[in-house]
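Comments concern the structure below.
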Amino acid sequence: MRTNSHLNIKKKNNDHPLLFSVIRDSIKHVDVFPKGTNMSFSGKFLRTVIIISLLTAAVPGHMYAYSIAGEGVTPRYTSKASSAPEFPTGSSAGSIGVEASDLTLQQIEDSKGAWAWIDQDNDGVAERYYLIRPNVYITNGITPDGRTVNEYGQWTVDGMIMHRMAYDQNAVQAAIQRAAVLHGNSFDGIYSGIIDTTEKKVTGKRATKTGMKEVIQTVPTKKYLTVTVAQKSVTELSVTVSDNEGATTTDYEYEGLNTLHNGVTMWKPKKGKTGDHLLFYGYNSIVYYNYDGTLAGQLMKIS
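Numbering (this note's numbering), first residue to last: 1485 to 1787.
What follows is the structure, encoded as structure tokens:
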């Protein structure tokens, strides 16, 4: 296992390998020297080291309260277990769709189906399908856990197709490169990746005067997150944040440069809106930090 010494984060068995490799690739999209500067190879290498060092500089924890934002920027979640499980990684390539209307509700229930993220066209962006057999998913209907799938079998929320970074790392790398060219210096696009966060889980039971009660604790976890951004103006974004549970859309406004992390711009929910602050590193990634300033995760623009 490699350790990225610049980030001071050790890879674990369940870490997403792309999360660390793309950090290096994304640096080329951030310019800290004036345009037109003639730089040697050593100068470019020095720029890379400077950017990574500034991005992850160790600063005392209380300084990361973000006086402007008023709170940390790591999303907070409470997991709600779906009634349907997830298929194992990559088990569903080449699946075909069956109209929900061709099946009875009892047939769908009896299938004991499961959700799976599938990249059908190998473009690095996966969509979510409800599989009733390892290679068959339903289309045009409602799944047993109450979610909607469109005519292609893709999970939708309010008519919007949900996306996630695919499992094939070669396809994802190609998607990142295409997205950078397609959108240029724009925040538009779909960002996806894994972040470190916390969730509430039942960890046991304890005896009380009224009987046994569940013990619920907040535990660390890794979570896939997707952020879809539509830039409405120079200072305003429409942002949809989605995970396995659903999606929420909020308007954001530009707040300024982040003084603690070079190359990072801050966006906050518009007045009267709720949501976490967003930190963009250049135009091709969104970064999340813990309260102590350590990197909690990075979402890369994949479309």
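We put the CB at the ideal spot given by N, CA and C, even for glycine.
{"query": "Sub-8 Å separation of residue 1664 and residue 1746 beta-carbons", "result": "no"}
{"query": "Supposed contact pair residue 1584 and residue 1624 - C-beta distance, whole angstroms, cut 8 Å", "result": "6 Å"}
{"query": "Segment contact, 8 Å Cβ cut-off, at least three pairs: the segment 1690-1706 with the segment 1715-1734", "result": "no"}
{"query": "Residues sharing a beta bridge with residue 1646, DSSP", "result": "Looking at the DSSP assignment, residue 1646 forms no beta bridge with any residue, so it has no partner."}
{"query": "Opposing strand residues paired with residue 1769 [DSSP bridges]", "result": "1765, 1784"}
{"query": "Cβ neighbour criterion (16 or more within 10 Å) applied to residue 1654", "result": "exposed"}
{"query": "Rounded distance between the beta-carbons of residue 1703 and residue 1682, thought under 8 Å", "result": "7 Å"}
{"query": "Selection from 1736, 1744, 1613 that minimises the alpha carbon distance to residue 1758", "result": "1736"}
{"query": "Per-residue burial, residue 1605 [other beta carbons within 10 Å of its own, 16 or more giving buried]", "result": "exposed"}
{"query": "Residue span of the alpha helix (DSSP H) that contains residue 1744, given as start and end", "result": "From DSSP, residue 1744 is part of no alpha helix (DSSP H); its letter is neither H nor E."}
{"query": "Straight-line Cα distance separating residue 1632 from residue 1646", "result": "11 Å"}
{"query": "Whole-angstrom C-beta distance between residue 1612 and residue 1599, which should lie under 8 Å", "result": "6 Å"}
{"query": "Pair within 8 Å by beta-carbon distance, residue 1782 and residue 1673", "result": "no"}
{"query": "Presumed contact (8 Å Cβ cut-off) between residue 1723 and residue 1762, rounded CB distance", "result": "7 Å"}
{"query": "Through-space distance from residue 1670 to residue 1715, alpha-carbon basis", "result": "7 Å"}
{"query": "Outcome for residue 1644 when other beta-carbon atoms lying within 10 angstroms are tallied against a minimum of 16", "result": "exposed"}
{"query": "Beta-carbon gap between residue 1608 and residue 1650 smaller than 8 Å", "result": "yes"}
{"query": "Simplified DSSP assignment, three categories, for residue 1591", "result": "helix"}
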